[in-house]
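Trainee: Have a look at the structure that comes next, please.
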Amino acid sequence: MDRRRSRCLDRHRDLPSHQMNTASAKIIAGTASRPRDIGLTTPVPPNVAWVRVASLAGPAVIDGLLSMTVGVSGLLMVGRLGDSALAGMGAALQLIWFAISFGAALGTGTTVLIAHAIGRGDQVQATHTLVQATLAAVTVSAVITSLAPWTREAVALLGGDAEVTRQGAEYLHVTVVGAIVLVPAAVFGGALRGSGDTRTPMFAGLLTNLVNLLVSPSLVFGLWGFPALGVAGAAWGATLGRGAGALLLLTILLRGRGVLALPFGPGARSRWRLDLHEMTRVVRLSLPAAIEQGQSTMATLLFGVLVLAQGTSISAAQRVVFNLMGISYLPAIGCATAATILVGQAYGSGVPIPGGPAAITATSRAYVLSLAWLATSGGMFLVFAPSLVSLYTGVPEVVDAGIPSLRVIGMYLPISSLAIVFGSALRGSGDTRFPMIASALVMWLVTLPLAWVAGNVLEAGLTGMLVSFSFGGLLGGIVLFLRWRSIESSLRVAPR
4 MDRRRSRCLD RHRDLPSHQM NTASAKIIAG TASRPRDIGL TTPVPPNVAW
54 VRVASLAGPA VIDGLLSMTV GVSGLLMVGR LGDSALAGMG AALQLIWFAI
104 SFGAALGTGT TVLIAHAIGR GDQVQATHTL VQATLAAVTV SAVITSLAPW
154 TREAVALLGG DAEVTRQGAE YLHVTVVGAI VLVPAAVFGG ALRGSGDTRT
204 PMFAGLLTNL VNLLVSPSLV FGLWGFPALG VAGAAWGATL GRGAGALLLL
254 TILLRGRGVL ALPFGPGARS RWRLDLHEMT RVVRLSLPAA IEQGQSTMAT
304 LLFGVLVLAQ GTSISAAQRV VFNLMGISYL PAIGCATAAT ILVGQAYGSG
354 VPIPGGPAAI TATSRAYVLS LAWLATSGGM FLVFAPSLVS LYTGVPEVVD
404 AGIPSLRVIG MYLPISSLAI VFGSALRGSG DTRFPMIASA LVMWLVTLPL
454 AWVAGNVLEA GLTGMLVSFS FGGLLGGIVL FLRWRSIESS LRVAPR
């Protein structure tokens, strides 16, 4: 395989620039299944990169929305049980994000490595990576599940009263037990995305929501003869929904999807042997992503604590603003997912030839699409801030604090596309450490200290604290952009 790839790359070094551009376009188009196929067909239309990015981003956006819907629907149902139930579930969800971060990080590492293998046309390596990532996911999920006996103590650390702690522990216990399907599902979805298939994870997300919406009301409120489990019922609904989605992904991978298939049947046992070298590769890419997401979750919690010190109404306004911001991010994150996939496949095909120009083109197209969406969303936040905040609450104090704060975020949204897209492009190239370091340094040394100063020294309220948040995001985005530009020159192919 290495000799064949070397001959392929040597041949492409002799290609004139117009054929080199054709090769790059074919990588982006997703039609170059093997290195020897690249550059041997007629030129691809110039708009192919836009279409490819959009076709990958669209299902990823819907998948993200579906993932968010599982939690939101549970909160809406549990909210009818009373304040203690809602607060308990909210506390549990804060802790659950740490478990989700491990699954998402393993999914990221799997996406990148499989994208690299697909880019160089190595189906055997792609399958081997999937097997080892699955073994890693089962191990991580088993460790998380083993923590179930201590869920009450974990929720108690957040400082709620006895009833809030009890209800939160019920929700967390079920979810932690359900981690046995949560983490593998993230890996299966990441593997399919790395192969260029973002639609199948979207359908799995749809199935998850359907099962959740059917099961949760029955178990929360005791409908149709089912026991009324309250908060635990919402957890069981979400867990069974995720289990259904994971089962769908597993079934598809066992049957084979494109170039990916989990070994199954006669002779498959030998392919499930532990390969420490390959698992180390998966963990080496995934661990920085896990640390990045974990510290980001902790920093967000601390930011919320700083805001809460300004008053309950201010804290409620911040939650409204962050919820709207999170929804607006979904299309941008979809574009970033496309960048990770396409850059990963381009790197796998070889850089700077033939994949370098393809990586540059995919990233620039993803950035433009992300910027366009976030600029549009930001404009809507600026113009319609009163109406948007009022959708969440009619409390005058919350509305008054939320309107100017949402407008600050509206101005920040276009800027945030820097970190979202260029950080994802770096991960696609295999560099997950730099985004982790940059994110941690900016958040803990810039954003949080400035937010404390704005709230407690300058007494600038939520608006001032969000200005600090935006400045930190701008600084982090610039750092990631400059990092990408520093490697971009090595990806360019000089015209002949």
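Using our numbering, the first residue of the sequence shown is number 4, and each one after it goes up by one. Glycine included, every Cβ here is placed at the ideal spot set by N, Cα and C.
1) Can you look up Leu-232 in the DSSP assignment and give me helix, strand or coil?
2) Report the CB separation of Val-184 from Ala-136 in whole angstroms; it is logged as a contact under 8 Å.
3) What are the residues that DSSP puts in a beta bridge with Leu-263?
4) For Pro-399, tell me which candidate among Gly-358, Asp-434, Ile-317, Ala-342 has the shortest Cα-Cα distance.
5) Taking the continuous alpha helix (DSSP H) assigned at Ile-313, which residues delimit it?
6) Using 10 angstroms around the beta-carbon of Asp-501, count the other beta-carbons present and answer buried if the total reaches 16, otherwise exposed.
7) Can you give me the Cβ contacts of Ile-406 inside the same chain, cut-off strictly under 8 Å, excluding the 5 residues immediately before and after it?
8) With DSSP as the reference, label Arg-123 as helix, strand or coil.
9) Taking buried to mean at least 16 other C-beta atoms within 10 Å of its own C-beta, is Asn-459 buried or exposed?
10) What would DSSP say about Pro-357, mapped onto helix, strand or coil?
11) Assign Ser-432 to one of three DSSP states: helix, strand, or coil.
12) Within the segment 54-87, note down every full alpha helix (DSSP H) run reaching 4 residues or more, in order along the chain.
13) I need the straight-line Cα distance from Ser-221 to Trp-227, nearest angstrom please.
14) Is the CB-CB distance between Ser-442 and Ser-299 below 8 Å?
15) Just verifying my parser: in three-state terms, what is the DSSP assignment at Arg-276?
16) Would Ser-420 and Leu-374 qualify as a contact pair, given that the criterion is a beta-carbon distance under 8 Å?
17) When the Cβ atoms of the segment 476-483 are set against those of the segment 430-444, are three or more pairs found closer than 8 Å?
18) What did DSSP end up calling Leu-160 once you bin it into helix, strand or coil?
19) Of the residues Asp-278, Ala-188, Ile-147, Ala-63, which one's Cα is nearest the Cα of Gly-246?
20) If Gly-197 and Ala-118 are in contact, beta carbons under 8 Å, what's the gap, nearest whole angstrom?
21) Consult DSSP for Arg-287 and reduce its assignment to one of helix, strand or coil.
22) Exposed or buried, which one is Gly-199 when buried takes at least 16 other CB atoms within 10 Å?
23) Below 8 Å on the Cβ atoms is my contact criterion, and I expect Val-285 with Thr-113 to pass it. Report the Cβ-Cβ distance as a whole number of Å.
24) What is the DSSP secondary structure of Leu-485, reduced to helix, strand or coil?
25) Under DSSP, the alpha helix (DSSP H) around Thr-396 begins and ends at which residues?
26) Answer yes or no: do Ala-88 and Val-234 have a C-beta to C-beta separation smaller than 8 Å?
27) Taking the alpha-carbon of Ala-95 as reference, which of Val-186, Phe-105, Thr-154 has the nearest alpha-carbon?
28) Along the chain, where does the alpha helix (DSSP H) that runs through Ala-207 open and close?
29) Would you kindly work out how many angstroms separate the C-alpha atoms of Gly-208 and Leu-250, rounded to a whole number?
Mentor: Straight from the coordinates:
1) Residue 232 sits at position 229 when you count from the first residue of the sequence shown. Correct three-state label for Leu-232: coil.
2) By 1-based counting over the sequence shown, the position of residue 184 is 181. By 1-based counting over the sequence shown, the position of residue 136 is 133. Their Cβ separation, rounded to whole angstroms, is 15 Å, which puts Val-184 and Ala-136 out of contact at 8 Å.
3) Your numbering for residue 263 matches position 260 in the sequence shown. Per DSSP, Arg-260.
4) In the sequence shown, counting from the first residue as 1, residue 399 sits at position 396. Looking at the Cα atoms, Ile-317 is the closest of the given residues.
5) Taking the sequence shown and counting its residues from 1, one reaches residue 313 at position 310. A quick correction: the sequence has Gln, not Ile, at residue 313. Where Gln-313 is concerned, there is no enclosing alpha helix (DSSP H), given that its DSSP letter is neither H nor E.
6) Within the shown structure, residues of the chain are numbered from 4 to 499, placing residue 501 beyond reach of any answer.
7) To locate residue 406, count along the sequence shown from 1; it is residue 403. For Ile-406, where only same-chain residues beyond five positions count, the Cβ hits under 8 Å are Ala-388, Pro-389, Val-392.
8) Residue 123 sits at position 120 when you count from the first residue of the sequence shown. Assignment of Arg-123 by DSSP, reduced to helix, strand and coil, places it in the coil class.
9) Sequence index remark: in the sequence shown, residue 459 carries index 456 (1-based). With fewer than 16 Cβ atoms within 10 Å of its Cβ, Asn-459 is classed as exposed.
10) For the purposes of this step, residue 357 is identified with residue 354 of the sequence shown, where counting begins at 1. DSSP places Pro-357 in coil when its eight states are reduced to three.
11) By one-based count along the sequence shown, residue 432 stands at place 429. Of the three classes helix, strand and coil, the one that applies to Ser-432 here is coil, per DSSP.
12) Counting only runs of 4 or more, we get nothing.
13) Mapped onto the sequence shown, residue 221 falls at position 218. Mapped onto the sequence shown, residue 227 falls at position 224. So the two alpha carbons sit approximately 7 Å from each other.
14) Position 439 of the sequence shown, counted from the start, is the residue given in the question as residue 442. Position 296 of the sequence shown, counted from the start, is the residue given in the question as residue 299. Contact: yes.
15) By 1-based counting over the sequence shown, the position of residue 276 is 273. If DSSP states are grouped into helix, strand and coil, Arg-276 belongs with coil.
16) Here residue 420 refers to the residue found at position 417 of the sequence shown. Here residue 374 refers to the residue found at position 371 of the sequence shown. Result yes, Cβ atoms of Ser-420 and Leu-374 sit closer than 8 Å.
17) yes
18) Taking the sequence shown and counting its residues from 1, the one referred to as residue 160 is at position 157. Leu-160: coil per DSSP, three-state reduction.
19) Position 243 of the sequence shown, counted from the start, is the residue given in the question as residue 246. Ranking Asp-278, Ala-188, Ile-147, Ala-63 by Cα distance to Gly-246 puts Ala-188 first.
20) The residue you call residue 197 lines up with position 194 of the sequence shown. The residue you call residue 118 lines up with position 115 of the sequence shown. Sure, about 4 Å apart at Cβ, within 8 Å.
21) Here residue 287 is taken as the residue at index 284 of the sequence shown, counted from 1. Reduced to three states, the DSSP call for Arg-287 is helix.
22) Position 196 of the sequence shown, counted from the start, is the residue given in the question as residue 199. Gly-199 should be labelled buried.
23) Reading the sequence shown from its first residue, position 282 is the one you call residue 285. Reading the sequence shown from its first residue, position 110 is the one you call residue 113. Confirmed, about 6 Å.
24) Stepping through the sequence shown from its first residue, residue 485 is reached at position 482. DSSP places Leu-485 in helix when its eight states are reduced to three.
25) Counting from one through the sequence shown, the residue named residue 396 turns up at place 393. Unbroken run through Thr-396: none, as it is neither H nor E.
26) For this step, residue 88 is matched to residue 85 along the sequence shown. For this step, residue 234 is matched to residue 231 along the sequence shown. Yes, the Cβ-Cβ distance between Ala-88 and Val-234 is below 8 Å.
27) Mapped onto the sequence shown, residue 95 falls at position 92. Nearest of Val-186, Phe-105, Thr-154 to Ala-95, Cα basis: Thr-154.
28) As a first step, residue 207 must be located in the sequence shown, where it is residue number 204. Here the alpha helix (DSSP H) through Ala-207 covers 202-224.
29) The count along the sequence shown starts at 1 and reaches residue 208 at position 205. The count along the sequence shown starts at 1 and reaches residue 250 at position 247. Annotation: Gly-208 to Leu-250 spans about 11 Å, alpha carbon to alpha carbon.
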